[in-house]
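Heads up: the structure comes next, in structure tokens.
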Amino acid sequence: MSRFVPRIIPFYLLLLVAGGTANAQSTFEQKAANPFDNNNDGLPDLGMAPENHDGEKHFAEIVKDFGETSMNDNGL
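Residues -24 to -1, 1 to 52, numbered by mature numbering (1 follows the signal peptide of the UniProt record, and there is no 0), are exactly what the sequence shown covers, in order.
Next comes the structure, spelled out in structure tokens:
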């Protein structure tokens, strides 16, 4: 009986490794077939900066001033 134990343990280890590999392969194939199905791929909201539109307003003011300035004839 003790003669079979050393032969059985490697067999079970082989089955365990093969099963884990097969499971990982199906998960990989599923993700590859449907790359945009996972909604958790986005970046997390870390709450570091509140949402405001100050930068956008400032940029719009600069573009407006540039446009108005370029419309004026400065004699060049």
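C-beta: ideal position from N, C-alpha, C; glycine also. Note that the coordinates shown come from a computational prediction; the quantities given were computed from them, not determined experimentally.
Asked	Found
Residue 30 to residue 37 span [Cα, whole Å]	11 Å
Backbone secondary structure at residue 23 - three-state DSSP	coil
Simplified DSSP assignment, three categories, for residue 34	helix
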